[in-house]
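In the working numbering, the protein residues as written are 96 to 598.
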């Protein structure tokens, strides 16, 4: 029970179970002293205070940290009428960690100052303990995501340099009016094979990279393959293109791609509009299809398909569900690799049973598709021959319905692939000169230069945030030295590798 009363100076104060949360004499002065005594040797992006009660601290936090957002974590709802003093207000429930991450993100949390109003910690012990556990969870999540970003940003930059320096046959796709099929590699793709083969001339077929091999093994050639994954294992799905140089491939600049694909296959650039591709694309004058970054290539493929027609989009193999046995339609490049490690002590049955366990990534992908509404949900259909997890408003079709729809499907103008002439963008040799010049420039830019900040933030997110965090403080020179060292080392490596590849 919270009781509100007047302090000696006439301001509002309150007590919980007879014990005061704020001073009975001057709660404002008490809050000012509290804020001034906070220990902070960096520049926070956000200051988060657990249960500040009547919010007297808010004004003094803004004065001391004028560049930071200020936030409160409430232990009870009795103080809700004082929430307007804060930029963000959270509640200490089971979802607090997700709420903190969704609002603040990994960058803000990595430079957050957390503090506890001591009276609240004493008067609300269980709520305080839960809040700090959730805070820890959110901070650890942000740390892990930043580490992942840091790792992949370097790989993506290397892949982008490869893409712009070696992609020879740039192509574009003209929108059409026909239905489009997006083939993923889930087990249900097998159910669609005969129908796809029988009515192949009626639709435009987009294959995600992992579906390429099973389609070609069934003598079904896609109109377009799409690959967006930056991981080196993703290249294995594209190796079959060595024997199929005529198949166009839609690629994000950051995707991992074999050199022979860039040299021989028509390449349709997919650009997300962020670094480093946006800089290289602009400097090289390369046109591209606007793509949307997605956890799964299937999501990006479906969004691209919706942009290439005003008709329907049918998905095959989009299971997004754990299955007994193989998780992909066979043959699958990665399954073939894994099979080489099987033996009597680690048989195939063990590997398949482990891969069929609940998968957090699949759950995230399902949630994304399930959240789609409007035109997306109305025009996208999925073949679901087994008991698959539903995808929100997206309509599932049985194998019989799938066959019947394709039988009645009208023939309309399909999207068309057009290979651009050399005159429409900078030629290969000139592109390579541009990329090399860009890399040298980035390496030598002063740390505070606008272009330098752009690249450092995107390629070295952890080190840059550390540097930014300590600007104006004693640790700045050490953070700056570490950031510049890693930048120079990394770009020297990229430039050296680039020059070797051109020899």
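Note that CB positions come from ideal geometry on N, CA and C, so glycine has one too.
- Per DSSP, reduced to three states, the secondary structure at residue 580 is helical.
- Residue environment: residue 568 is assigned as exposed (fewer than 16 neighbouring CB atoms within 10 Å of its CB, all protein chains considered).
- Separation of the CB atoms of residue 529 and residue 379 is rounded to 6 angstroms, and the pair is thereby assigned contact status at 8 angstroms.
- By the beta-carbon neighbour count (other beta carbons within 10 angstroms, threshold 16), residue 573 is exposed.
- The beta carbons of residue 457 and residue 415 sit closer together than 7 angstroms.
- The segment 322-373 is shown to contain whole beta strand (DSSP E) runs of 3 or more residues at 344-347 and 361-366, in chain order.
- The Cβ atoms of residue 408 and residue 275 sit closer than 7 angstroms to each other.
- If you draw a 10 Å sphere on the C-beta of residue 348, you find 16 or more other C-beta atoms in it, and that means buried.
- Taking every protein chain shown into account, the CB of residue 459 has fewer than 16 other CB atoms within 10 angstroms, so this residue is exposed.
- Within the segment 116-183, the complete beta strand (DSSP E) segments of 3 residues or longer fall at 141-145 and 164-169, listed in chain order.
- Residue state for residue 385 is assigned as strand, using DSSP reduced to three classes.
- Here DSSP, grouped into helix, strand and coil, assigns residue 209 to strand.
- Just measuring C-alpha positions, the residue of 336, 399 and 466 sitting nearest residue 267 is 399.
- Fewer than three beta-carbon pairs drawn from the segment 539-547 and the segment 233-253 are found closer than 8 angstroms, and the two stretches are therefore not classed as touching.
- Comparing alpha carbon positions, the residue from 176, 232 and 179 closest to residue 187 is 232.
- Look at the beta carbons and you see the segment 233-244 not touching the segment 310-326: under three pairs across the two are nearer than 8 angstroms.
- Excluding the 5 residues flanking it on each side, residue 410 has same chain C-beta neighbours closer than 6 angstroms at 277 and 477, in chain order.
- In this structure, the alpha-carbon of residue 292 lies about 15 angstroms from that of residue 503.
- Secondary structure note for residue 111: its beta strand (DSSP E) is the uninterrupted segment 107-111.
- Distances from the alpha-carbon of residue 592 to those of 253, 125 and 116 put 253 closest.
- Relative to residue 585, the option among 570, 597, 560 and 534 whose CA is nearest is 534.
- Taking 7 angstroms as the cut-off, the beta carbon of residue 167 is found closer than this to the beta carbon of residue 181.
- Taking the Cα of residue 286 as reference, the smallest distance to any Cα among 391, 309 and 297 is reached at 309.
- The beta carbon of residue 104 is closer than 6 angstroms to those of 121 in its chain, skipping five residues each way along the sequence.
- According to the DSSP assignment, residue 100 belongs to the beta strand (DSSP E) that extends over 97-101.
- Residue pairing by DSSP places residue 301 opposite 277 and 319 in a beta bridge.
- Boundaries of the beta strand (DSSP E) harbouring residue 268: 264-269, taken from the DSSP string.
- For residue 475, the uninterrupted beta strand (DSSP E) run begins and ends at 475-478, by DSSP.
- According to DSSP, residue pairing for residue 512 in a beta bridge involves 268.
- When 283, 203 and 371 are compared, the shortest CA-CA separation from residue 234 is found for 203.
- With 16 or more other Cβ atoms inside 10 Å of its own Cβ, residue 557 counts as buried.
- At the C-beta level, residue 108 and residue 211 stay beyond 7 angstroms of one another.
- Just measuring C-alpha positions, the residue of 357, 273 and 298 sitting nearest residue 259 is 357.
- Within the same chain, 287, 290 and 478 come within 7 angstroms of residue 497 by CB-CB distance, once the 5 residues on both sides are set aside.
- For residue 409, the enclosing beta strand (DSSP E) stretches over residues 408-411.
- DSSP lists 478 as the bridge partner or partners of residue 492.
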